[in-house]
Every structure is written in C-alpha cells, then in structure tokens.
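Chains as they are written, first to last, in the working numbering: chain A, 1013 to 1322; chain B, 13 to 737. Report on the structure given below.
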Amino acid sequence: MVRYPLTMTNKTIPALIRCLVLFACFFCNSTQAITEQHVIIVSSGNNSHHKSLVENILSNLKISNIKAETFYLEQTININTNSSLIISLGHEAAALIDQKKLPNPKLRVFTDTNPNIDPEHKSESHLSMTQPVCQQFALAQLLNPDWKLISVLLSTTNTPLIKNLASCAKRYKLKLNTIILKEYINIIDALNTSLPSSGVLLALPDPAIYNAKTIKSILLTTYRHRVPIIGFSENFVRAGALAAMHSSTEQLGRQISELIQKHYNNENINTHLYPEYFDVTTNKNVARSLGIQIPDRKILTKKLQEKYHE
Amino acid sequence: MITIMSFHKQYNDNTKTPRYLAATISSVIALTLSTIALTLSTPLQATEDELFFEMPVVLSASRLEQPVSEAPIAVTSIDRQIIEASGARTIPEVLRLVPGIVVGNSNNEWGEEYKLVVAYHGHTNQYSKQMQVLIDGRSIYEPLLGGVNWNMIPINIEDIERIEVSRGPNASTYGSNSFLAVINIITRHASEDPGHYAKLRAGNHDIADLTYRYGGSSDDLDYRVTMTSQNDNGLDARKNISTYDVDDNVLAYQYSYYETADNHDDTNTGAIDYRVDYQVNNDSHLTYQGGYGKTTMDINENFSIGGIRPVRDSDTTNAHQFLKLENTIDSKNSFIVQYYYNRQDKVDQSISKIVQVGGGIDDFTLDLDFGLKSERHNLEFTHYNQTTDNLRLIWGISAQQDIAKSAFFLTDQGTIRRETYRLFANAEWQINQKNLLNFGTLIEDNKTLDTEVSPRLALIHKFNDKHSVRVGISQAIRSPFISEEFGNTVFSHDLTSGGTPIGFTLVEQQIIPNDKLEHETIISREIGYFGQFINDKLFFNVRLFHDRLDDLIQTETVPVASDSFDGEAGIHKNVDSTDVTGVEIEFDFRPDASFRFFGNVSFLGIKSNDNPRDLLSEEFENSAPKRTASFLAIKQFNELYSGSLGFYYADEMLWLDVPNRQPSSYTAMDIRISRSIRQSNSTSKLSLILKNLLDEYNDYHQLPNRGPLAENNLTGFIEYSISFQ
C-alpha cells in the first residue's frame, strides 16, 4: 500500500493565481479543497483504444472536481506541478515519466499479466489491464472441469511467469505444459511438435507470439489439434478463441477514475491491481465444433467476479 | 539447428525454485530455426495494442467442423494423421476406411481407360454416379458421364486438411446427386504450409511421383502453389497363355494358364494447383483457388465390343477456377458468395480395326472420336444466421450451368447446355439441453426435368455430453447426368465396292436418347448412436439404416426401327427399385498420444423390388459387399520412428453393367514405416510403404474359371519428404 503526499508546493504558479486560490480557499471549510486535485494522463499511443481509454477516464472524472490534463507521447509533455497524480498508460509512457524523475505520485497502467516491476517503483501503484493468471486458470476450470492439462506458449520475455503459472496450476489441480519459444523459431512447427491434443491453450498477451501475422495460423493449427484457446481479448474470441476474460476501455476507464478519486480521498490503494470490472466472452460455435459444453458467459462472469472479490 | 528439449526438469532447492514446479511443468521446448515467416520475433513487452488489436475472423461458422455427435447424418471424418499414416497415393485409397465404402478398379469396361471406383452401398458401375464429391464446396461430379474420375483430379493429397464423408443422402445441404453419400474434401488454408515442401516416391509398378509446394505470405495475403507429377504403370494383366503338344500332327494336349504381365494402362499425370487466401479486412476473407492437370493414359483394347475400341492413348485435361468470399456481418450473421468453373477436355481418337463385310463390299475402318468436353459454372450464395441462442439457420440459392459436347456420347446432339437452380435451407433448433432438431430442404429446378423437393428431418437426443442417439429421415434425388438424359451414340459408314459408293450406309446405333427419363429417388430412414468412452479416448458410433431407392436408371436393350437403323440399341430407363438395409459401426480409439486405432465394420443387404425378377434384379443385389471391415493402427514409437498398419476387407460384389463376370472380394493389408530426420534448417521423413500384402487387390472383374482380368499386386515404394523455409 502506498500513500501519496498531498502538499502543494509548485513555485511556478504565478503569484496572482496563487492569491486567487488562497482567496477562494478562505471561503472553504475543507482542507481537502485547498489541495489541487489534478491528474496528468500520459498515454503511450494515440490509437483508437488509447483515446477511448483516456476519454473514459475523463468522462468518469467529470462528476468529480478533479481536473485532468492529457498528453500523448508525441506531444511535448510539460509537467509543472509535483503534486499532480500522474497516470501512465503503457510501458513507453511509464518509461518517459521515469526519465523525468518527477516526485509526483504515480499510477502505472500496464498490459502485462505480471509486470516485472523495477524495485525503484515498488512503492507505486500498478494496474494490469489483464486478469491475474490464476483467474485465467479459474476460467479454464469453469469452462470444462474435465480438462487436466493447460498449455501456455511463452517467449523468453515471459519466462518469469512460469513460477506463477505453476502455482496456479497446482491450485487448480491442472497439469501445466509450458512451451517456451526462443527467438526466431517457427511458431507453427513448435505447436505441431509440442502441443498435446488435449486440454486447453492459455494465451497470454505477448506480441512476439500473438500478433496480426501469427494469429491466423495459431488459431488454425490449434483447431486442427482440437485444442481450444483461452484468449485475452474480445477480438480474440471473435477470431476463433473459445473464451476470454477481458475488460473494455469503458471498464478500465471506470476503474482508473475510481482509483484517482480514492487517491484524492486519501484511501489506501494496493500496489498491484487487476481489473475489477470485466466480462467473459465465449465463442459458442467453436465450443460446439470442438464438442465442449460450456456454461453461459453471464454465469461465468458472475462466478469469476465472485472469485475476484474473495 | 533444431534442438528439441523435452524435459521434465527436477527443480530442487538448489535452484531456489519451488519443488512443485517440477511436477507441473511437463515439458519445455526450445527450438532454434532459421526464420522467414511465422517465426517468433524479438521478444517484446506487451503493449495495449495486443489487448485491443483487431483480429480477422479465422474460425468462421462456415469453416468450423460440425461435431459428429450433433450432425443430422452419420459423418466419418478422415483427418491428416489418417491420410498420412495410410500411405495413400490417391484419395480413394483413404476412403476404404469409411464404413460401407469399397474401392476397386474398373479395368477397361466399355472400352475406356481404367478408373479407380469408389462406391458406397453398391448400385454403381464404373462411374459411381450416386455419390456427390466436393472440394472445398466445389462439386467435381462430372456433368456428362456422372461420378468422378479420381485419377484425374488436380488436387494434391498433401494439401488436404480432412475428408468428411456424409453417409446417407444429404441433398438438403449439398444438392442433388448427394444421393447415397457425400465426400467433402477440405484443403488447408494457404497460411498453414509456409516455405518449401517436396516429396518423392519411387517403387515398383514404375511408380515415380514428385511433388513440390511453396507457401508464402505477405501482410494479409497467403498463397500456396503445388506442382505434382504422378506416374505408374497401372494394374497387372492376367494374360491367357496356351501351349500345345503335337504328336504325329495330331493335337494331343493343350495347356492353358495365366501369367501376370503388364497391362496397357500406364498413367501419367502432371498437375499444378494453387490457393490464395486474402484477408480483405477483419470481417471479409477471399479465397481464390485454381488448378490445371493433364493425364495421359494407355487404354487397352476392349474385346467385348467387337474391336471398335482399339488399343490407344487418351489425354485428359482438367482445369478449375474457384473464388469464394466469406463475410462476417456480426456475431450472428455471415454469408458466403462463391463462384467456380470446372472444365474437362478429353482427347481420345483412334481408328478402329478393319471391318470386313464381305460380298464384294470394301473392307473399311472407322474414324473414332471418343473425346469429350464438359464445363460447369456454379454461382452460390449462402447465409448463416444465429437467429436466437437456440436456433441456427443456413439458407442459400445457387445457379448452375452444365455444358457438354461429345461426338461419341452425344452424336449429332451438338453442345448440350443444362441449367439447374436451387434453393436450400437448414434449421437447427436446440429444443432444450437434451434435444436438437435439424430440418432442411432443397428445391431444385431443372428445365428439362420436374422440380423436386428434397427434405430432411433429424432429431438428436443427448443422454448426456458423452452419449446421444439420432433418428432421421431424408429424401433425395439424383438427376440423370447429360449422357443419360441426352445420350445418343451412332456409328455410320457409307459402304463402297471397288471404291465406288453403293448407296448404302451402314449404321450402328448403340445408345438412343430417352426424353422421359426421371430422377432417381431415395428415402432413407436411420437410427444412429454416438458415444464417448474411457475418458473420451474411445469414440464409437453405430448407424442402422433402411433406404428405399426408386426409379433407378439403367441401360436396357430395346428394338429400334428407323429409316436409317433397324436393330437393337441401349436406352437409359428408370427400371428398378431396391431396399437397402444394414448397420455400420465405426470406432476411433486413442489410448495415448502415441497410438491410434481407427476402423469400422459394416453389414448390408440389397433387395430388388422387381416383379418379375430379371437379371438386373440380381445384379443390383450383388452390387455391394454384404460385409466390409477396415482399420488403421498408427503408432509413434519414439520421436523419430512411426509406423502404421492398414487392413481392408470387402465381401464379394460385382459392378453393375459388367457382363460375364463373377463376384469377387478383397482382403488387403498395407504397412508403413517412417523415420523423421531433423536437421538444422529442415524437417524430412523417409518412409517405406508396402501395399496389398495379403492378396492381390483385384478389380472385381473376374471371369468364370479364369480369375481377374487385371489385378493390383504387391506394391512397394519409398517416400521421402522434406520441408524447409
């Protein structure tokens, strides 16, 4: 848990504005009110999903008095206050903020299931945009309790996850089959060689493995092996994965804005967070074709939300 | 260098890794391979783009395989593992693993080239006209003569993903001619075979095959080109050798025996086919396929038709173009629009033996043109709709034009064009958790024949997710093919004496057309059971069926009297009706990843309803074996060695329209041993394949007291395949 300093010491604010603020605060009862509730959002990209996430954060903040300023990486980022909460969306944004060595409180939003957090930033808050690995195992078990084997493709970047994967496999009494792919290997050859024709393949976000060029072949090959995929996005399910637990930009935006408000309400925020709001999407056609009877997505979502709050 | 480390590493306290890791991590594979496509790029940190990036719909509703347990009809699915393990050079060899299917060779009946014949439940001559055959939804049923000439299909067996065989009529899904069964061959997506692949086969019977394939991709486009050369000397002949012992100029003894010799039926095929898959956008996928193949075949003389079909060669070219657009509208709707064009040109010309008339009339020969040309255009639209969670609809329309021309089969008929229009719909209603109702119908309009409706109804009851029963009834038609409907075969020659016309034309009318020909019809009733046992390691299904076939078309000899001809000629007529009853049992057992046992048995009886009975009644009843059985055992001994053993048995039977033959059976055994060879930048496999180990695999054309005219004896070949980037 971390608490952020809420002092206001920005010397760059012109004296006139400072006077106005003091004048305004004179009429206020709350000490909170004299603190500037200001958020700086730095996004790693300006794609539609980045923009959507930012818009959803801003939209949720509208009902509060918290002001927000948004920067995209290609813009010049001027941060003039060291009291504002900085939200970095993605690795690149986080790296840029780190370079500036700002004393501001920070909330880092990452894609990684289990980001490798620099010890220097251990005390800061981190939000993964994907569910914890054990939740994915829980989903696998709910989808088909008869599965005994869960396979995971990992590039070398994600090998630190093995320990966590093994722990979750043990917890859910599943046998784990990890297939580590080194640089420049042929993914389809690897699947044909080492993917057992049973159980399920858990896909974790990894751009070296799951990208626009490979996704088609991976789906076709696993389907031929009659191994369903638990994906990591709604699009993945639409493309042919059996199911996925995912959060939309609306859901993530809502959670981030709630965390911002908690911060300014001096509430405790965990150092490592996972999406609180999520859905489960299933592909009934794939399930049917593979002869798997799966529960309704609403039931799955409800059960997993219960597990989240356990 | 490919290095495969498949280890169960014991993590212990020394490694500072929890011990439980050892129990849960079953294997870690590390491969290093030179890269072009589909290789792992430099490991990267995941970004938000990975979570939200748009993906194309890969496993669309149309591409997904229907589970066997929920299909409204019995379906046998032959996957790549089975195809490869069977050691098959041709598709028919693999089809012997389908319950009720028999595969034989038609050796020069009617004086044509030898053919591989695939038959299900009999009722067939060398053209096997009651089965529909599709490649990726493209019908290759030949419009002029019906059936499929398996020796001449420009498709490479290595490009096949799986073969689905619907056992029983399935016209409401696949249209007319989906009569006794439907064989649907599904090829692989172009992205699945990147890089170079070559295969070489060499063996006895002059087997010399070479295949080369290259697959590549660029952004949203994947492509594959396959070139094949396939050559063999066909079947062995059984030739009659007679010797005489002569004593004082008096014939004392005669010895007669049969000797195996080369049959004049060498086959040489060269083919190229290609497939392009283009992802237009995330919702639309375009597939373009094409192919061209040329087959040269030696043809024996046919002795039964008076020498007018002499020894000769034929050249047949097959070409096709196929365009298919699949579009996913939303999660509940998608559609397919497809167009294809098939073309076959056969050049088969020769001169007959000298015809001696006598009586001062000059001897003469006939210029014979057995060539033919057939084309098919087909345009089809299919809409997939998930109306509600419990109701799925598939409906569509299609228009087809068949074009045929043949001097021999369609004498004086010119080019025949026939248009067919179809409207079809299928609904699948999940009544509740345990019951699934499937109903569908096809309406087919053919300008020259009556409009026909082919409905189907099937109810599937699931006792649980492992066991289900299916009760179904369906009706289907088989439209007469063009030569049945319009066939007219006439030879004529103006007789001369001393080179001067005598004013008399010799006319030989072999076939006359029948403008009253109707569709063949079938009503099929069946009960099926599907079960999974031993933790889903054993799949088992049974089908009991009763089929009623009416208006079966056969050739009858009738007297013909016209201005030019007075004699007898053949005519295609709706002549017979039969009842077919039987049971088929199929199993697929995979006790572990290294072993698979796939097989079937079937029992069948055909009863002719002819009254009074005639010779044809008996021929129909003998046209399918009463018992068939086949199995394929596949074993992966270790990482390098694998083997398979196939066994194929069919009881006695006889093709229709084969005079003076006696029924025969076959028992065949094939063995395959393979060794994988992994090198730094390639994967290769060396195999030895031996076929027909138990017995000659004859062609069902046994003559009384003589045996088969030709036989398929022990065949052995070495196969070497290599793939590299």
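Using N, Cα and C, we set each Cβ at its ideal position, and we do this for glycine too.
query, result
"Taking C-beta pairs closer than 8 Å, name the residues in chain B that V1298 (chain A) reaches, listed in chain order.", "L71, L76"
"Pick from A:I1304, A:H1237, A:Q1263, A:S1245: whose alpha carbon is nearest that of R92 (chain B)?", "A:H1237"
"Distance check for S1095 (chain A) and A1224 (chain A), CA to CA, integer angstroms please.", "41 Å"
"Considering E568 (chain B), what are the terminal residues of the beta strand (DSSP E) in which it resides?", "550 to 573"
"Is the Cβ-Cβ distance between P1287 (chain A) and T1123 (chain A) less than 9 Å?", "no"
"With R1309 (chain A) as the anchor, note down where its alpha helix (DSSP H) starts and where it stops.", "1309 to 1320"
"Between the Cα of Q1305 (chain A) and the Cα atoms of B:L146, B:Q445, B:D575, B:E176, which residue gives the shortest distance?", "B:Q445"
"Classify L1034 (chain A) as buried or exposed, calling it buried when 16 or more other Cβ atoms lie within 10 Å of its own Cβ.", "With a pLDDT of 44 at L1034 (chain A), under the threshold of 50, the modelled position of this residue cannot be trusted, and the question is left open."
"Would N1364 (chain A) pass as an interface residue toward chain B - the criterion being a Cβ-Cβ separation below 9 Å?", "The displayed coordinates of chain A run from 1013 to 1322. Any statement about residue 1364 (chain A) would go beyond what the structure contains."
"Using three-state DSSP, classify Q104 (chain B) as helix, strand or coil.", "The residue asked about is misnamed: residue 104 (chain B) is Pro in this sequence, not Gln. In the structure shown, P104 (chain B) sits in a helix (DSSP, three-state: H, G or I)."
"Which stretch, first to last residue, makes up the beta strand (DSSP E) that contains D414 (chain B)?", "403 to 417"
"Between G728 (chain B) and the rest of its own chain, which residues show a CB-CB distance below 6 Å, the 5 nearest in sequence each way excluded?", "G215, N216, L702"
"Determine, for S229 (chain B), whether the minimum Cβ-Cβ distance to residues of chain A falls below 9 Å.", "yes"
"Step through the CB atoms of chain A and report whether any lies within less than 9 Å of the CB of S654 (chain B).", "no"
"So which residues of chain A does H201 (chain B) contact, with C-beta pairs closer than 7 Å?", "L1232"
"Does the beta-carbon of I317 (chain B) have 16 or more other beta-carbons within 10 angstroms, so that it is buried, or is it exposed?", "Confidence is the limiting factor: at I317 (chain B) the pLDDT is only 49, short of 50, which leaves the residue's position unreliable, though a coordinate-based value still follows. So I317 (chain B) ends up on the exposed side."
"Do you know offhand how far I455 (chain B)'s Cα is from I534 (chain B)'s?", "15 Å"
"With distances taken from CA atoms, which of B:T329, B:L378, B:L247, B:V570 is nearest Q368 (chain B)?", "B:L378"
"Measure from the C-beta of T695 (chain B) to each C-beta in chain A and report whether the shortest distance is under 9 Å.", "yes"
"Quick one: any contact between the stretch 341 to 358 of chain B and the stretch 478 to 492 of chain B, if contact means 3 or more CB pairs under 8 Å?", "no"
"Which value, in whole angstroms, describes the spacing of the CA atoms of N26 (chain B) and N1176 (chain A)?", "Any reading at N26 (chain B) is ruled out, since the residue's pLDDT is 38, under 50, leaving its predicted position unreliable."
"Among residues of its own chain, excluding the 5 on either side of D357 (chain B), which ones have a beta-carbon nearer than 6 Å to its beta-carbon?", "T329, K385"
"Determine the direct distance from the alpha carbon of S343 (chain B) to that of R602 (chain B), and round the result to whole angstroms.", "35 Å"
"For P79 (chain B), go through chain A and note every residue whose CB falls closer than 8 Å to its CB, in chain order.", "R1300, S1301, L1302, G1303"
"Quick one: does L233 (chain B) have its CB under 9 Å from some CB of chain A?", "no"
"Inspect the beta-carbon positions of L1216 (chain A) and V70 (chain B) and report whether they are closer than 9 Å.", "no"
"How would you list, in chain order, the residues of chain B whose beta-carbon sits under 7 Å from the beta-carbon of T1082 (chain A)?", "Per Cβ cutoff of 7 Å: no residues; T1082 (chain A) is ~15 Å from chain B at best."
"Tell me, please, which residues DSSP counts as bridged to G215 (chain B).", "B:I219, B:F729"
"Taking the beta carbon of P1172 (chain A) as the centre, do at least 16 other beta carbons fall within 10 Å, making it buried, or is it exposed?", "exposed"
"Would you say A86 (chain B) reaches chain A, if we count a Cβ-Cβ gap shorter than 9 Å as a contact?", "no"
"Of all Cβ atoms in chain B, is any one closer than 9 Å to the Cβ of I1200 (chain A)?", "yes"
"Nearest to G290 (chain B) by CA position, among B:P68, B:V114, B:T427, B:L461, is which residue?", "One detail in the question is off: residue 290 (chain B) reads as Tyr in this sequence, not Gly. Minimum Cα distance to Y290 (chain B) is reached at B:P68."
"With 16 as the cutoff for other CB atoms within 10 Å, does Q1087 (chain A) come out buried or exposed?", "exposed"
"When you compare the CB positions of G371 (chain B) and H332 (chain B), do they come within less than 9 Å of one another, or not?", "no"
"Return no unless some Cβ of chain B is closer than 9 Å to the Cβ of Y1235 (chain A).", "yes"
"9 Å is my cut-off, CB to CB: does D548 (chain B) come that close to chain A?", "yes"
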